[in-house]
Structure formats: structure tokens, C-alpha cells
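In my numbering, the protein residues as written are 35 to 204.
C-beta atoms are modelled at their ideal positions from N, C-alpha and C, and glycine is treated no differently.
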Ligand code: NI
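This is how it looks when you write it as C-alpha cells:
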């Protein structure tokens, strides 16, 4: 089931999400829905707060479903190693129509658990590292806008607020 994506301005995007202590049918359904929603958007990653659920859960697929074995579902993810730098254009499904270059590590190692409660360690570089960092940011109540300069962030927020006033933010 495709779930509506929560847009900038919603409180759930600004709150740190709760760790997952137990995987029930609700979490399994949530993951299925998040994957479907991510592919439909289309996007390369989605965090639970983006569908209005404040839990530490994220999915990524930097191939948008085109290649096998690139779909990752991670619960309670944490970055344990970050190396190097990359500065590339970044957007967000919760901030449609906006993008900006964001500084991220070139390579990260991420630790978390899968839906079976098994510990997983994933390594990602370039776009995958960027996706991991971006989605973990969501779980910490942060958006890519928070990485921009004050002036640029303020400009983006004004433009979004204008769209909200015009009823064009949906
Ligand atoms: Ni995002």
C-alpha cells in the first residue's frame, strides 16, 4: 500500500524517531509499504518519519529497483565509520522541487538490524553513502536543508512557505 509522503512543515519530520525494540506485523507491513512508496515516488530512500511514523527505520535502493540486491531495510541504523567527502546535489521526497549540493562522507559503514532482528553491517560509497546519511538524518529529525548555509536555508524556507500559502504544497 502506497502511503502519503509527509512534507516539510510537518512536526514528525523534525522529531528524533524512537528506536525499534520489537518487530511486529505492523513493522513488517510498514516496511512493505515504505518500499512500495519509495519505488512509486520514485526515490532512492525513505525513512519512516516521511510516512508519518516516528520510528528508526529506513529503506534505500540507489538503483530504484533496477538491480537486484540493492534494496536495504535497516532498523535502528547507526553510522560507525565515515571517511572522505563528497559534495553533490541532494533532494528529498519531503521537499519536492528543491535540491542543493550537500557535503557528505564519501564512504560510510552502517550498523543496524534487519527485520529478523539480525545485526547487519553495510558499507556504502558515493550515492549509497549519501542515501544512508540522508535517511539517518531523517531519523534524527534533520533534513538536507539543515546542512545548507543560513542564507540558502532561509531562502528555501521562504519559497516553501509561499507555496504553502498558495495551497501548492502537497
Ligand atoms: Ni529525505
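- At a threshold of 8 Å, residue 129 counts as near the ligand NI, since its beta carbon sits closer than that to one of the ligand's heavy atoms.
- Here the alpha carbon of residue 172 sits roughly 25 Å from the alpha carbon of residue 199.
- Taking a cut-off of 8 Å for Cβ pairs, the region 82-92 and the region 41-55 touch, as three or more such pairs fall below it.
- Using a cutoff of 8 Å, the CB of residue 167 does not count as near the ligand NI, since none of the ligand's heavy atoms is closer than that.
- Take residue 64, set aside five residues on each side of it, and the residues of its chain with a beta-carbon closer than 8 Å to its own are 82, 85, 87, 89 and 91, in chain order.
- Taking a contact as a CB-CB distance under 8 Å, the pair residue 96 and residue 148 does not count as one, their CB atoms being some 18 Å apart.
- Per DSSP, residue 196 is not a residue of any beta strand (DSSP E); the alpha helix (DSSP H) it occupies stretches across 184-199.
- Excluding five sequence positions before and after residue 110, the CB atoms of its chain that fall closer than 7 Å to its own CB belong to 53, 54, 90, 146 and 147, given in chain order.
- In terms of Cβ geometry, residue 155 and residue 116 do not form a close pair [threshold 9 Å].
- Scanning 50, 202, 167 and 180 for the CA closest to the CA of residue 114 turns up 167.
- Assigned with DSSP and collapsed to three states, residue 75 falls in coil, not helix or strand.
- Around the beta-carbon of residue 72, 16 or more other beta-carbon atoms lie within 10 Å, marking it buried.
- Of the candidates 39, 124 and 161, the residue whose Cα lies closest to the Cα of residue 67 is 39.
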